[in-house]
Every structure is written in C-alpha cells, then in structure tokens.
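What follows is a short report on a single structure.
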Amino acid sequence: MKTVLITGVLGQDGPYLAKFLLEKDYKVYGLIRRYTNPNFSNLDYLGIADKIEYIQGDLTDESSLMNIIKTIRPDEVYNLAAQSFVGSSWNQSKLTTEINSLGVLYLLNAIKLFSPITKFYQASTSEMFGNSSIDGLQNEETPFHPRSPYAISKLYAYWITNNFKESYGTFCCNGILFNHESPIRGKEFVTRKITDGVARIKLGLGDKIRLGNLDSQRDWGFAGDYVEAMYLIMQQESPDNFIISTGETHSVRDFCEAAFNYVGIKDWEKYIVLDPQFKRPAELFALKGKSDKAKNVLGWEPKVKFKELVEMMVDADLARLKNK
Ligand code: NAP
Ligand code: GDD
Numbered sequence: 016m017k018t019v020l021i022t023g024v025l026g027q028d029g030p031y032l033a034k035f036l037l038e039k040d041y042k043v044y045g046l047i048r049r050y051t052n053p054n055f056s057n058l059d060y061l062g063i064a065d066k067i068e069y070i071q072g073d074l075t076d077e078s079s080l081m082n083i084i085k086t087i088r089p090d091e092v093y094n095l096a097a098q099s100f101v102g103s104s105w106n107q108s109k110l111t112t113e114i115n116s117l118g119v120l121y122l123l124n125a126i127k128l129f130s131p132i133t134k135f136y137q138a139s140t141s142e143m144f145g146n147s148s149i150d151g152l153q154n155e156e157t158p159f160h161p162r163s164p165y166a167i168s169k170l171y172a173y174w175i176t177n178n179f180k181e182s183y184g185t186f187c188c189n190g191i192l193f194n195h196e197s198p199i200r201g202k203e204f205v206t207r208k209i210t211d212g213v214a215r216i217k218l219g220l221g222d223k224i225r226l227g228n229l230d231s232q233r234d235w236g237f238a239g240d241y242v243e244a245m246y247l248i249m250q251q252e253s254p255d256n257f258i259i260s261t262g263e264t265h266s267v268r269d270f271c272e273a274a275f276n277y278v279g280i281k282d283w284e285k286y287i288v289l290d291p292q293f294k295r296p297a298e299l300f301a302l303k304g305k306s307d308k309a310k311n312v313l314g315w316e317p318k319v320k321f322k323e324l325v326e327m328m329v330d331a332d333l334a335r336l337k338n339k
C-alpha cells in the first residue's frame, strides 16, 4: 500500500485529492494545524473525514515537518497548504511568504534529510504569470511576472522545488494550475461568493452581492478534474512541470450572468453592488492556459465545462441553504 501525505487537506483541493487517492488504495495522512475546533466540513461533504489519518503540524514550523517526514516516510507528498487568497496577501505579506515560500523549503529539507525517496508535488499557480502571455495564452514557456505578494511567494516555491530536483535529484514536480473551483470552494473566492449569493437571492435570504472588478477573466476548471492531473504528474518516470487549465476564459461578469440565468433571473445586474474594497492594488486581467503538454504527456484533459461548473456550484449552494 502506498502512503501519501497531503498538506492542506482541510481546504478545497485536499479533500478531492484525498478521495481520489483513497479510491486508489493509498493510505492517506493529512497534515492539519492545531485548532481548538478543526473544520472537517469539506472532507465531510465528500464523505471521507473518517478515512484519513490526521497529523498535527504547521508549514511555518520546520521541526514539526521534520518529525512528520521522519516518522511516516511517505511515498508521495502533495503540498497543497498555503495562504491561498490573493486578496489577503497584500495585508498579510509576511505570513503569506512564511507559509507559501519558507514552508516549501522546510518540507523539501525534511525530505532531503529523512526520506529522499519521497516524491514531492508543489501546488504552483497561474498567478505567477501576472499579465504575461504569449499570443494571449500562458504555457510552460511563458515568462513569469508575479503581481501580488501571493504570486511572488509562490514563485519562490516554484524555483526552490526545481532547485531541489536539480541539486539533489529529489523527485520534485510543479503543477501550474489555473483557477479551479467546486462546491467546497472557500466563500471568499469570487466564484463561490457569487454562487452562494445567487442561491441566497433566489431563496429570498439575501438581496445583493458586493463585488470588485467584473471585467477580470479567468480560466476556470473543476477541482475534481485537476486533482487527477496532480496524481498523473507524480506517476511519470521523471519529474517535470505541467500547466493544467481548460484553455477557455470567462469574465467575472460572465460567471454572474451564467449563475443568475441558471436560477431564472435575467435582470441580474440590479443585484450587484460594485465595491472598491474588493478591487486589488494590482490586478491580473486575463488568464487562459494552454495545457497541450499535459494532454500529450499525461493524457489529461478537463471534463467539466464552464456552464456545468457554474450549475454544479449553484445547485450545491441551493441544496445547502435549503437543508439549513
Ligand atoms: P485552500 O482551500 O485555501 O486550502 C489551503 C489549505 O492550506 C487550508 O486547508 C489551510 O488550512 C492550509 N494551510 C494554510 N496555512 C497553513 C499552515 N501554515 N500549515 C499547514 N496548513 C496550512 O486552497 P485550495 O484552493 O485547496 O488550493 C490548494 C493549493 O493549490 C494552494 O497551495 C493554492 O495556493 C494552490 N492553487 C490553487 C488554485 C485554485 O484555483 N484553487 C490554483 C492554483 C494553485 P486551514 O484549513 O487550517 O486554514
Ligand atoms: N475574491 C474576489 N472577491 N474576487 C473578485 C471579487 C470579489 O468580490 N470581485 C471581482 N473579483 C475578481 C478578482 O479581482 C480576480 O480578478 C478574480 O475575480 C478572481 O479572484 P479570486 O476568485 O479571488 O481568485 P484569484 O484568481 O485571485 O486566485 C485564485 O486562483 C489562483 C490561480 O490563478 C486562488 O485560488 C489562488 O490561490 C490561485 O493560485
């Protein structure tokens, strides 16, 4: 039986990846921070909260990571833990850097010292491109130009991951994932904020959604599809970096329209309040990934399309609110 350590197991991607690997008969260890009341709701949503062995640790605490790697010596580590909200990274830039940059260095050092056969996956991000593109698209060759403290912290993590591969021969991969969403997406992210807001308005539980830049465009996929790509990246003969995306882009405005239309509301703009507090000091205007390498080498392609994703999220929020 293969063993895996997933950091960030209580977030969005962690539960989808844990479910995927449990179905492949992995023994799954989940790293969680110390909490008085940890929140297992995303794992519960997927019905797997009692199938994971939890280990306490923190990405900012090197000794906890060393002890964990030394004790379980997992076959694979998927580092999904992060301060992942771009908007907060301007106000919490030190914390963001400590978790997203130094945390990765600590994990890699622990692997090098105590379990060099462990394979390592780093959750890299399309944010690292900023507004850089080649003919309007981003692929593995597109130059990086990070535009937030979050993106900068992730760029360090990207390069230190490559550097451990080049320096010590550690099996280290970067998945450069474009935005991916799901019914268990955090509510501060724009997609879930919209689907939760639309469900509330439809059920008469709310009347407005306050948003920032409606013109931003993102390449939105489904998290359930993207964790399969993470797994495939780690099963290759040699470690490599891959773009994971849908190749389609839509604006925040498009997302609003699709979600409202799905519940039968056509005059949706009257429910939107533009609020400058949700604008970013430096914005990424458009992301559109070209994941040809993933298709050709991994045989991976996204299955869930934009409209289906929006409807899945709205349905989940309607059901959740009705059940309450
Ligand atoms: P998420 O929902 O925000 O989950 C992040 C997880 O990291 C949370 O469970 C959080 O734990 C944990 N964490 C934060 N700080 C930690 C620390 N100091 N020590 C240990 N754990 C810590 O993020 P996600 O959407 O699942 O994304 C997973 C990863 O992919 C992240 O690294 C993100 O930056 C990256 N990524 C995401 C996307 C996307 O569109 N979703 C795209 C590209 C890359 P708590 O539950 O205790 O807060
Ligand atoms: N969150 C949020 N809230 N975003 C808003 C709002 C709002 O009220 N109004 C407009 N937006 C715009 C943001 O300015 C941004 O351009 C876009 O919606 C998407 O914002 P988020 O959903 O917060 O995601 P993100 O693209 O900044 O970051 C996500 O994707 C990255 C990959 O590209 C996160 O998951 C990151 O962790 C991930 O690396």
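First residue of the sequence shown? That's 16 in my numbering, and the numbers climb one at a time after it. Backbone N, C-alpha and C define an ideal beta-carbon position, used for all residues, glycine too. Given the structure is predicted, the values throughout are model-derived calculations rather than measurements.
Any non-hydrogen atom of the ligand GDD within 7 Å of residue i CB
| i | result |
| --- | --- |
| TYR112 | The sequence shown places Thr at residue 112, not Tyr. It does not: the Cβ of THR112 is nowhere closer than 7 Å to a heavy atom of the ligand GDD. |
| GLU203 | yes |
| VAL267 | yes |
| ASN194 | yes |
| SER141 | yes |
| LYS208 | yes |
| GLY314 | no |
| SER168 | no |
| LEU95 | no |
| LEU80 | no |
| PHE275 | no |
| LEU36 | no |
| LEU324 | no |
| GLU155 | no |
| ARG215 | no |
| ARG262 | What sits at residue 262 in the sequence shown is Gly, not Arg. Because no heavy atom of the ligand GDD lies under 7 Å away, the Cβ of GLY262 does not count as near it: no. |
| LEU120 | no |
| PHE159 | no |
| ARG162 | no |
The ligand NAP heavy atom lying under 7 Å from the CB of residue i
| i | result |
| --- | --- |
| GLN27 | yes |
| SER99 | yes |
| ASP73 | yes |
| THR22 | yes |
| ILE280 | no |
| LEU229 | no |
| ILE47 | yes |
| ALA125 | no |
| ALA138 | yes |
Beta carbon of residue i nearer than 8 Å to that of residue j
| i | j | result |
| --- | --- | --- |
| PHE129 | LYS85 | yes |
| PRO161 | GLY145 | yes |
| SER139 | ASN189 | yes |
| LYS303 | GLY102 | no |
| ILE259 | LYS305 | no |
| THR206 | ASP234 | no |
| SER197 | ALA238 | yes |
| VAL325 | ARG225 | no |
| VAL92 | THR133 | yes |
| VAL19 | PRO131 | no |
| ILE21 | LEU120 | no |
| GLN27 | ASN57 | yes |
| LYS322 | ALA273 | yes |
| ASP346 | TYR286 | Outside the shown range of the chain (16 to 339) lies residue 346, about which nothing can therefore be said. |
| ILE248 | THR185 | no |
| ILE114 | LEU61 | no |
| VAL24 | VAL213 | no |
| SER168 | GLN153 | no |
| ILE47 | GLN71 | yes |
Three-way DSSP call (helix, strand, coil) for residue i in this model
| i | result |
| --- | --- |
| SER130 | coil |
| TYR41 | coil |
| GLY62 | coil |
| PHE144 | helix |
| GLY314 | coil |
| PHE55 | coil |
| VAL119 | helix |
| GLU252 | coil |
| GLY29 | helix |
| THR75 | coil |
| ASN106 | coil |
| LYS320 | coil |
| LYS339 | coil |
One or two residues paired with residue i in a DSSP bridge
| i | result |
| --- | --- |
| GLN98 | DSSP, once it has assigned bridges, lists no residue as partnering GLN98. |
| LEU46 | THR22 and ILE70 |
| VAL92 | LEU20 and PHE135 |
| ALA301 | GLN232 |
| ILE259 | LEU192 |
| PHE35 | The partner list for PHE35 (beta bridge, DSSP) is empty, contrary to what the question assumes. |
| PHE237 | GLU196 |
Taking only runs of the alpha helix (DSSP H) that begin and end inside the stretch 263–297, which ones reach a length of at least 4 residues, in chain order?
-> 267–277
Hey, which unbroken runs of the beta strand (DSSP E) at 3 residues or more fall wholly within the stretch 149–225?
-> 187–192
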